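These protein sequence lines map, in sequence, to chains Y and W. In terms of the numbering used here, the first sequence opens at residue 541 and continues consecutively. In terms of the numbering used here, the second sequence opens at residue -6 and continues consecutively. We put the beta carbon where it would ideally sit given N, CA and C, even for glycine. Model, not experiment: these values are computed from the prediction. So the structure is just underneath, and the comments pick up after that.
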Amino acid sequence: MSWLKKAGRWINDRSGLSEMIKPLMNHPVPPESKWAYVFGSATLFCFILQVATGIGLALLYQPSSDKAFQSLQYITYKATLGSTLRGIHYYGATGMIIMAGVHMLRVYITAAYKYPREMSWISGVVLLILTISMGFTGQLLRWDDNGVWSAVVAAEQMGRIPLIGKPLARLLLGGDTLGGQSLSRFFAYHVFLIPSLIFIFVGFHLWLVMRNGISEPTKPGRLIDPRTYRQWYHNMLRQSGVPFWPYAAWRDAVFSSLVIIAIVVVAVVFGPPALTKLPDPSNIITSPRPDWYLLWIYALFALMPPKIESYVMFFGPVLIFFLLFALPFISNKGERSPIKRPWSIIGSAFVVIVVISLLVVGNRASWSPHFKAKAITNFSIPQNDSLALTGMILFQQKACLYCHKINDDGGIVGPDLSHVANRMNEQQMIIRIVNGSQDMPAYGGSLSHDELNRLVAFLKTRQ
Amino acid sequence: MSEEKNINRRKFLGRLSLLAGAIPAAIVSVPIFGALLGPLLQRQKQVWRKVANASDINVGETKLIQYLNADPLPWAGVSAKSAAWLRRVSEEKFIAFSAHCTHLGCPVRWEDKAQLFMCPCHGGVYYKDGTVAAGPPPKPLTQIEVRKNKNDIEIKTAPVPITTITQ
């Protein structure tokens, strides 16, 4: 026996390593558990990737309100492969959120949350909340102007929580305003507090996999009966179960490996999100946007009727998470097959479509004034129509162009006015400009009679 | 030792062990929660800051003012700055608005020719007096205290205005 083998035996004898690992590796799993089962482990590997790249970034980062932005510039432009490291951490977050989402949908569609795996679902929902919190606090650690304004927006949303809203908002910012205390807190949450909670809940989630076994692939008509299920599952594994390693693990390994490689490729090709301006809350020329995984919430708040918004901001998340936590208690037995539970497919498709639509709409942000709209040039206005020509200049000066498009430029908050004269007469235009509407300011108080005439003269040429 | 005595002893020792763990945990938690909840326990004192000369701003004009928050920490850097909009209503009267939109706190900008404050986030618009002109904001721009001290215009630093569910 070689000395290497001897050493190995000694270590194993004294440490009991194989006693610990072998049951994990050899535990039997249902034979037909195939590719639908890879998303949970892919989420876990994304998390491990985040921990590893996060440690890498922490070697270079300065968690101090006055220095963090410079250290990010250093990481991005100077540190060896720093930009790639940032990119992997960013797209790793994206990967983790997508994989967690797909994993959750799979569990929902195949009703794997039913008896006896209710706790797996509940701890999974907790992990989802923690993962989103990581995404949010991570965006703040970039500590550019988007970071500071995202913190303010989050504080405002917390402010809508009844009774304790204001103190919570204050707690988030670490004081009355942003400052030296803010980033230290976000750093502590992102690097210590939330990850340690994730470790605890991942441990618990995995323990439950060992204790209750992974759910068997569904079969229409095979119902879950809490009185007999455990015995049935046990017998099924004894008859036809296969060892996890390597018969099920190989798919996890291959898929997770592909996910990680894809994340690295995307990070190298696209690079990390660009750093914007200094974290100076007194620089007001900025258009804060959340990272994509929170963009749908940003869209929701713009689209919602303002009257109900404050309530939705609080009761919406409460209701969603209440329903998620309640799910395994609402139905924990009976049919699992998605073919027999068509509503689970319709419901999942609905959620996916709504979130993707909101992401598309949020990316377009049609409700935001288009501050960069360029001066419109005098096309198709007769040169002798001086009223209309000056009206065109007013159209820009009075900020109309920020919200209304004319031909190629302008915002899309209000209607496109390229051909407004075809649908509105002079009187209607005047009424609208003077009185405004829900989404348009009333210009009656700030336009002179002469200015109004010029504007209308210009709009009348838009046919 | 009788059976009953043994059970009592077992119960007692179990509880003693739990208590022995709980007491130091509770004691140590106090300063940790102190650090976490510090912002709620310590009230920051607001201060007056000079932000402009009265002679630099004409009647009817609205100007951006930038100032340092009250008592910033030495490592706050530029993150301890705040912005507000100062408006001279008449020779003697000045008003100042926090730059935070009352919808979700984004920074509103003043469009001078249009005489409107506009928010880049969700399209909130306010008139020159701070009242809502369009979009989702639930209430007018928050005013902050301003005073004229000879030729100095001073504003009182203020917390980030937080809109609550009851506004």
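- Contact between Y:Val974 and Y:Gly984 holds, since their C-beta atoms are separated by about 4 Å, short of 8 Å.
- Following the DSSP letters along the chain, one finds W:Arg81 inside the beta strand (DSSP E) bounded by residues Lys74 to Arg81.
- Interface criterion not met: the Cβ of Y:Arg994 is under 8 Å from no Cβ in chain W.
- Between W:Pro133 and W:Thr124, the CB-CB gap stays under 8 Å.
- Close to Y:Tyr942, with beta-carbon spacing below 9 Å, are these residues of chain W in chain order: Glu104, Ala107 and Met111.
- Pairing Y:Ile824 with W:Pro100 gives a Cβ-Cβ distance under 8 Å.
- Around the beta carbon of W:Lys4, a 10 Å sphere encloses fewer than 16 other beta carbons of the protein chains shown; the residue is thus reported as exposed.
- Residue state for Y:Phe911 is assigned as coil, using DSSP reduced to three classes.
- With its beta carbon less than 8 Å from one in chain W, Y:Phe911 belongs to the interface.
- DSSP places Y:Ala788 in no beta strand (DSSP E); its state is neither H nor E.
- Taking the Cβ atoms as the reference, Y:Val960 lies roughly 5 Å from Y:Arg1002, within the contact range of under 8 Å.
- Counting along the chain, the unbroken alpha helix (DSSP H) around Y:Asn566 starts and ends at Leu557 to Asn566.
- For W:Ala89, the closest of W:Ile58, W:Ile155 and W:Asn1 by C-alpha to C-alpha distance is W:Ile58.
- Along the stretch 849 to 863 of chain Y, the positions whose C-beta sits under 9 Å from a C-beta of chain W are Glu849, Ser850, Tyr851, Met853 and Phe854, read in chain order.
- In chain order, Ile916, Asn918, Ile921 and Phe998 place their CB closer than 7 Å to the CB of Y:Met932, counting only its own chain and leaving out the 5 sequence neighbours on each side.
- Close partners of Y:Ile824 in chain W (Cβ separation under 8 Å): Leu57, Ala76, Ala92, Pro100, Val101 and Arg102.
- Judged by beta-carbon spacing, Y:Asp684 lies within the 8 Å limit of Y:Pro819, meaning their Cβ atoms are closer than that value.
- Following the DSSP letters along the chain, one finds Y:Val749 inside the alpha helix (DSSP H) bounded by residues Ile734 to Asn752.
- Secondary structure remark: continuous alpha helix (DSSP H) runs of at least 4 residues inside the stretch 655 to 684 of chain Y, in chain order: 658 to 681.
- Think of a sphere of 8 Å around the beta carbon of Y:Arg700: the chain W residues whose beta carbon falls inside it are Thr156, Thr157 and Ile158, in chain order.
- Cβ proximity to chain W below 7 Å picks out Gly719, Gly720, Gln721 and Ser722 from the stretch 719 to 736 of chain Y.
- Using a CB distance below 7 Å, the part of the stretch 125 to 149 of chain W facing chain Y consists of Ala126, Ala127, Gly128, Pro129 and Pro131, ordered along the chain.
- Nearest Cα to Y:Asp831 within the set Y:Arg762, Y:Ser673, Y:Ala576 and Y:Trp661: Y:Ser673.
- For Y:Ala866, the uninterrupted alpha helix (DSSP H) run begins and ends at Pro846 to Ile870, by DSSP.
- Distance from the Cα of Y:Pro783 is smallest, within the candidate group Y:Val569, Y:Met964, Y:Leu544 and Y:Leu680, for Y:Val569.
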